[in-house]
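Here the structure is laid out as structure tokens; the discussion comes afterwards.
In this note's numbering, the protein residues as written are 1 to 429.
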């Protein structure tokens with residue numbers, strides 16, 4: 001009736017207003033944080049600061065301080081964040097069924113946010129749509145809104161800018177303890193955002209029109225539903241992998257653009273935040289007069305090893321977090337290059353053997369991590385069957401099948417059983 005229509009339009013206006021306000025807040029925080037960070041690090045707006053004076057920079061140098069060119073990664077980070085802001089606010093993505101995206105993490109009984117035109121804002125990797133929960137006078141509560149919002153990247157993004165500016169300005173002013181604190185905050189924010197996006201990617205399969213598609217039907221499900229596509233052995237026909245032209249393929253234009261626009265900015269940020277945590281911790285210790293060079297040597301090398309271990313675990317367990325890996329490799333190489341011709345303060349504080357040992361640690365760490373990075377990439381290609389060379393990965397119908405090791409390419413096919421259940425990581429052609 002007319003009253004319901006008016007209430008629906010009012011709710012749509014509330015949802016649209018909330019989303020637009022948050023988009024403006026995210027864009028403003030990006031511009032301010034980008035200008036302040038780049039201005040301090042590269043434009044030397046504070047000539048008396050560490051970033052603007054070579055003498056001050058050498059004064060705070062440690063064994064794990066990378067070469068100055070490493071800081072150019074800030075340009076890359078903010079360039080990719082600019083792509084994120086553009087994609088999540090301005091990039092028009094035509095779709096016939098954006099309501100599916102808009103209902104994620106929202107009570108399905110509530111109206112969906114406005115959908116014409118639709119943007120990456122309604123992609124769950126961004127999550128502006130979660131702010132469409134209704135206000136107090138229209139059925140929702142502020143607590144409901146915050147509960148839904150905290151599972152979105154859009155909610156945390158302004159805090160990323162605050163933490164970055166706090167970290168950069170604290171270090172530039174020589175407040176190393178404060179810089180270390182803000183680097184920890186940056187790392188936590190990067191971890192939370194990457195975890196949200198990994199969770200989304202693990203849950204969702206996107207169809208080419210932007211709506212959510214169901215996972216591939218397993219042979220067990222097909223047999224239990226009477227699928228007629230079976231071979232003589234009674235096993236269902238194994239579907240072929242999608243072609244690279246299909247949007248669901250990880251190397252399709254749709255998947256690559258989604259990764260570059262929405263995921264890469266935060267993977268790069270999280271990886272570089274991890275390196276800054278260890279760097280500022282070493283600088284903080286170096287400023288304590290009672291800490292001996294031998295202790296600094298041990299802590300510096302231990303920091304490199306710990307970053308290597310953390311990076312390997314994250315890359316291997318969490319999938320294709322290539323941005324995190326790229327940041328770590330960039331940092332390891334920077335440390336090795338800097339120690340090849342160290343500055344005078346490093347020569348004065350450490351022996352040639354200690355400098356060479358730390359350089360070797362950084363070089364070995366970069367080599368090991370690069371090899372692991374490459375192996376993980378090959379593993380992902382095989383696991384996701386990107387080129388259709390090992391048969392299409394399927395999911396077992398039973399709930400406990402999810403707990404099995406999907407990395408076992410050989411797999412075990414157990415014929416028979418209830419509904420002809422098949423348990424396998426892969427079915428090879």
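Note that CB positions come from ideal geometry on N, CA and C, so glycine has one too.
Would you mind stating whether residue i and residue j have Cβ atoms separated by less than 8 Å?
{"i": "residue 260", "j": "residue 171", "result": "no"}
{"i": "residue 327", "j": "residue 198", "result": "no"}
{"i": "residue 354", "j": "residue 340", "result": "no"}
{"i": "residue 325", "j": "residue 311", "result": "yes"}
{"i": "residue 84", "j": "residue 265", "result": "yes"}
{"i": "residue 445", "j": "residue 368", "result": "For residue 445 there is no data in the structure shown, the boundaries of the chain being 1 and 429."}
{"i": "residue 362", "j": "residue 304", "result": "yes"}
{"i": "residue 168", "j": "residue 31", "result": "no"}
{"i": "residue 154", "j": "residue 189", "result": "no"}
{"i": "residue 192", "j": "residue 156", "result": "yes"}
{"i": "residue 263", "j": "residue 316", "result": "no"}
{"i": "residue 270", "j": "residue 165", "result": "no"}
{"i": "residue 314", "j": "residue 321", "result": "yes"}
{"i": "residue 158", "j": "residue 366", "result": "no"}
{"i": "residue 176", "j": "residue 61", "result": "no"}
In three-state DSSP terms, what is residue i?
{"i": "residue 320", "result": "coil"}
{"i": "residue 29", "result": "helix"}
{"i": "residue 260", "result": "helix"}
{"i": "residue 43", "result": "coil"}
{"i": "residue 125", "result": "coil"}
{"i": "residue 191", "result": "helix"}
{"i": "residue 63", "result": "coil"}
{"i": "residue 291", "result": "coil"}
{"i": "residue 50", "result": "coil"}
{"i": "residue 150", "result": "coil"}
{"i": "residue 90", "result": "coil"}
{"i": "residue 234", "result": "Low per-residue confidence applies at residue 234: pLDDT is 45, beneath 50, and the placement is therefore not dependable, though the value from the model is reported in the following sentence. If DSSP states are grouped into helix, strand and coil, residue 234 belongs with coil."}
{"i": "residue 104", "result": "Its pLDDT being 38, under 50, residue 104 is placed unreliably by the model, and nothing is read from it."}
{"i": "residue 282", "result": "helix"}
{"i": "residue 130", "result": "helix"}
{"i": "residue 471", "result": "No statement about residue 471 is possible, as the shown extent of the chain runs from 1 to 429 and does not include it."}
{"i": "residue 11", "result": "helix"}
{"i": "residue 1", "result": "coil"}
Would you tell me roughly how many angstroms separate the C-alpha atoms of residue i and residue j, rounded to the nearest one?
{"i": "residue 187", "j": "residue 300", "result": "19 Å"}
{"i": "residue 267", "j": "residue 285", "result": "28 Å"}
{"i": "residue 345", "j": "residue 55", "result": "10 Å"}
{"i": "residue 10", "j": "residue 130", "result": "17 Å"}
{"i": "residue 34", "j": "residue 78", "result": "6 Å"}
{"i": "residue 283", "j": "residue 255", "result": "40 Å"}
{"i": "residue 174", "j": "residue 27", "result": "29 Å"}
{"i": "residue 68", "j": "residue 128", "result": "37 Å"}
{"i": "residue 451", "j": "residue 342", "result": "Because the chain in this structure spans residues 1 to 429, residue 451 falls outside the shown range and cannot be described."}
{"i": "residue 151", "j": "residue 4", "result": "30 Å"}
{"i": "residue 184", "j": "residue 273", "result": "8 Å"}
{"i": "residue 182", "j": "residue 289", "result": "23 Å"}
{"i": "residue 19", "j": "residue 126", "result": "11 Å"}
{"i": "residue 147", "j": "residue 12", "result": "20 Å"}
{"i": "residue 378", "j": "residue 258", "result": "21 Å"}
{"i": "residue 349", "j": "residue 16", "result": "60 Å"}
{"i": "residue 294", "j": "residue 279", "result": "17 Å"}
{"i": "residue 82", "j": "residue 351", "result": "44 Å"}
{"i": "residue 46", "j": "residue 381", "result": "47 Å"}
{"i": "residue 337", "j": "residue 330", "result": "11 Å"}
{"i": "residue 73", "j": "residue 6", "result": "50 Å"}
{"i": "residue 160", "j": "residue 1", "result": "45 Å"}
{"i": "residue 370", "j": "residue 66", "result": "18 Å"}
{"i": "residue 302", "j": "residue 281", "result": "12 Å"}
{"i": "residue 64", "j": "residue 14", "result": "51 Å"}
{"i": "residue 291", "j": "residue 364", "result": "26 Å"}
{"i": "residue 203", "j": "residue 48", "result": "50 Å"}
{"i": "residue 89", "j": "residue 306", "result": "38 Å"}
{"i": "residue 43", "j": "residue 70", "result": "16 Å"}
{"i": "residue 180", "j": "residue 276", "result": "8 Å"}
{"i": "residue 37", "j": "residue 124", "result": "28 Å"}
{"i": "residue 75", "j": "residue 53", "result": "20 Å"}
Is the closest heavy atom of the ligand COA to the C-beta of residue i under 7 Å?
{"i": "residue 274", "result": "The ligand COA is absent from the structure shown, which contains no ligands of any kind."}
Secondary structure, beta strand (DSSP E): runs of 3+ residues fully inside the segment 302-352: The segment 302-352 contains no whole beta strand (DSSP E) run of 3 or more residues.
Entirely enclosed beta strand (DSSP E) segments - the segment 157-191, minimum 3 residues: Contiguous beta strand (DSSP E) elements confined to the segment 157-191 do not occur, taking only those with 3 or more residues.
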